[in-house]
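Data block below; observations after.
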Amino acid sequence: MDLFCGAGGLSEGFRWAGFNVILGLDNEETFMETFAANHEEAKIVCGDIRKISVNEVKKMIKHEKVDVIVGGPPCQGFSSLRPYRASTIEDERNDLYMAFALFVDFFRPKVVVMENVVGLITHNSGHTLDKILDRFESLGYAVDWRILNAASYGVPEKRERFIMIATRNKSAVRFPAPTHYFSGRVIGHKDKGRYILADTNHPKALSVNDAISDLPPLSSGQQAHEYDREPETPYQRDRRSGSTKLTLHKAANHNDKMLEVIKHAGENINFIPKHLITSGFSSCYSRLSGNDPSTTITVKFQSPASSKCIHPTQDRTITPREAARIQSFDDSFIFKGSITQICGQIGNAVPPLLGRAIASTVSQLLNQTGRKTINYAITQSS
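Read in order, the letters of the sequence shown correspond to residues 1327 to 1708 in my numbering.
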């Protein structure tokens, strides 16, 4: 059951791990169209979770057993990327975790997974996280959390996510062991600390080039509909599996002034001559490094003024296809909506490969109970 499912990146990872996705819920219509297109077997609920009856949802799934509920209640109020972040006004969406907990209390799944932005752990001086943990513990669950970095699990992107796992049988909560190495912050403990995993016995984290070097080169405003070469890495081969047509590989149409800025772009804003720009964050107007994992893909990945999103070698921002590749979506994954809406779906998603790593650990927890058939309802918000 995927409540607040968004485009379904987390659900996709659970599906790859062998789970049956039985229901998706979100209040964004285009997100639900994307979710439905990729999870035809799942029931679809589009609306505000606070106004949806758990009894009605129970009727929809009939006699299906819900072993796992996954969710990511809206995170805008916790994010360091949100506009007006200095505001002291509480974002009312931050209490949507209570609606999430209501579904958990009603369906009583064996395992609960809650994901969010890392800003959750410091929001309201940590009191918000304490309230969330207390709520799930009051429902009889053993609860623990970590900050996981997608680059540690085969995603060519340094994307951190808060992950909480709760188990009903009070068995020790476990988290997926990293499969790839990179030098960076990757995991957090309940004391809100972080440490660096540096096990060089793991394969090196995948790079941007590992993800997108097989895609046809484009100039500003151009689009390609066909692959023009074979996959160059195992990652590219995996992402292209089942796909014969190239979709969403269309470059943003930059004006002459922006193209002049992009031509000077380097690893940070300091590469841009002062007369071309007047302000910006250090990561704005800068290129992704082809030899390293990407920085976090945001919803504004076609706007150089908003994030580090310029192609490593080509004078343009990355395309929706390139962003989806970096986020570990298969090329065959169907996105619905306008280009702006699709960019939002990609930028807000949990990378499916990170989802699969989490799902594999959840499967181990469930197998401890002896149950072999696994269904789940994922909840995750836009």
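Where is the CB? At the ideal position from N, CA and C, for every residue including glycine.
Among residues of its own chain, excluding the 5 on either side of residue i, which ones have a beta-carbon nearer than 7 Å to its beta-carbon?
i: residue 1453; result: none
i: residue 1343; result: 1682, 1685, 1686 and 1689
i: residue 1431; result: 1465
i: residue 1670; result: 1625
i: residue 1691; result: 1437, 1493, 1497 and 1500
i: residue 1694; result: 1497
i: residue 1634; result: 1609, 1612, 1614 and 1621
i: residue 1606; result: 1595 and 1631
Residue i and residue j: beta carbons closer than 7 Å?
i: residue 1335; j: residue 1685; result: no
i: residue 1603; j: residue 1641; result: no
i: residue 1360; j: residue 1661; result: yes
i: residue 1576; j: residue 1549; result: yes
i: residue 1639; j: residue 1630; result: no
i: residue 1652; j: residue 1482; result: yes
i: residue 1657; j: residue 1565; result: yes
i: residue 1636; j: residue 1591; result: yes
i: residue 1426; j: residue 1380; result: no
i: residue 1476; j: residue 1680; result: yes
i: residue 1435; j: residue 1395; result: yes
i: residue 1557; j: residue 1540; result: yes
i: residue 1672; j: residue 1649; result: yes
i: residue 1488; j: residue 1473; result: yes
i: residue 1392; j: residue 1490; result: no
i: residue 1601; j: residue 1546; result: no
i: residue 1619; j: residue 1654; result: no
i: residue 1448; j: residue 1663; result: no
Which two residues bound the contiguous beta strand (DSSP E) that contains residue i?
i: residue 1470; result: 1468 to 1475
i: residue 1439; result: 1437 to 1442
i: residue 1684; result: It is not in any beta strand (DSSP E) - residue 1684 instead sits in the alpha helix (DSSP H) that spans 1678 to 1693.
i: residue 1660; result: Where residue 1660 is concerned, there is no enclosing beta strand (DSSP E), given that its DSSP letter is neither H nor E.
i: residue 1710; result: Beyond the ends of the chain as shown, which are 1327 and 1708, falls residue 1710; an answer cannot be given.
So what's residue i in DSSP terms, helix, strand or just coil?
i: residue 1351; result: strand
i: residue 1340; result: helix
i: residue 1385; result: helix
i: residue 1496; result: coil
i: residue 1327; result: coil
i: residue 1333; result: coil
i: residue 1669; result: helix
i: residue 1377; result: helix
i: residue 1507; result: strand
i: residue 1562; result: helix
i: residue 1451; result: helix
i: residue 1645; result: coil
i: residue 1530; result: strand
i: residue 1617; result: coil
i: residue 1547; result: coil
i: residue 1709; result: Lying before the first or after the last residue shown, residue 1709 is absent from the chain, which here runs from 1327 to 1708.
i: residue 1487; result: strand
i: residue 1458; result: helix
i: residue 1538; result: helix
i: residue 1623; result: coil
Got a sec, what are the start and stop residues for the alpha helix (DSSP H) residue i sits in?
i: residue 1427; result: 1423 to 1433
i: residue 1392; result: Note, residue 1392: premise wrong, no alpha helix (DSSP H); not H, not E.
Starting from the C-beta of residue i, find all residues in its chain whose C-beta is less than 6 Å away, skip the five residues before and the five after it, and write them out in chain order.
i: residue 1467; result: 1492 and 1494
i: residue 1735; result: Missing from the structure shown is residue 1735; the chain here goes from 1327 to 1708 and no further.
i: residue 1578; result: 1628 and 1643
i: residue 1506; result: 1478, 1480, 1528, 1529 and 1531
i: residue 1647; result: 1574 and 1575
i: residue 1568; result: 1658
Once the 5 residues before and after residue i are set aside, which same chain residues still bring their CB inside 8 Å of it?
i: residue 1341; result: 1347 and 1365
i: residue 1422; result: 1330, 1375, 1376, 1399, 1400 and 1707
i: residue 1384; result: 1432 and 1433
i: residue 1460; result: none
Check whether chain E comes within 7 Å of residue i, counting only Cβ atoms and requiring the distance to be less than that.
i: residue 1499; result: Annotation note: the requested chain E is absent from the structure, which comprises a single protein chain.
Scan the region 1567 to 1602 and note each continuous alpha helix (DSSP H) run of 4 residues or more that stays entirely inside, going in chain order.
-> Here the runs fully enclosed are 1582 to 1589.
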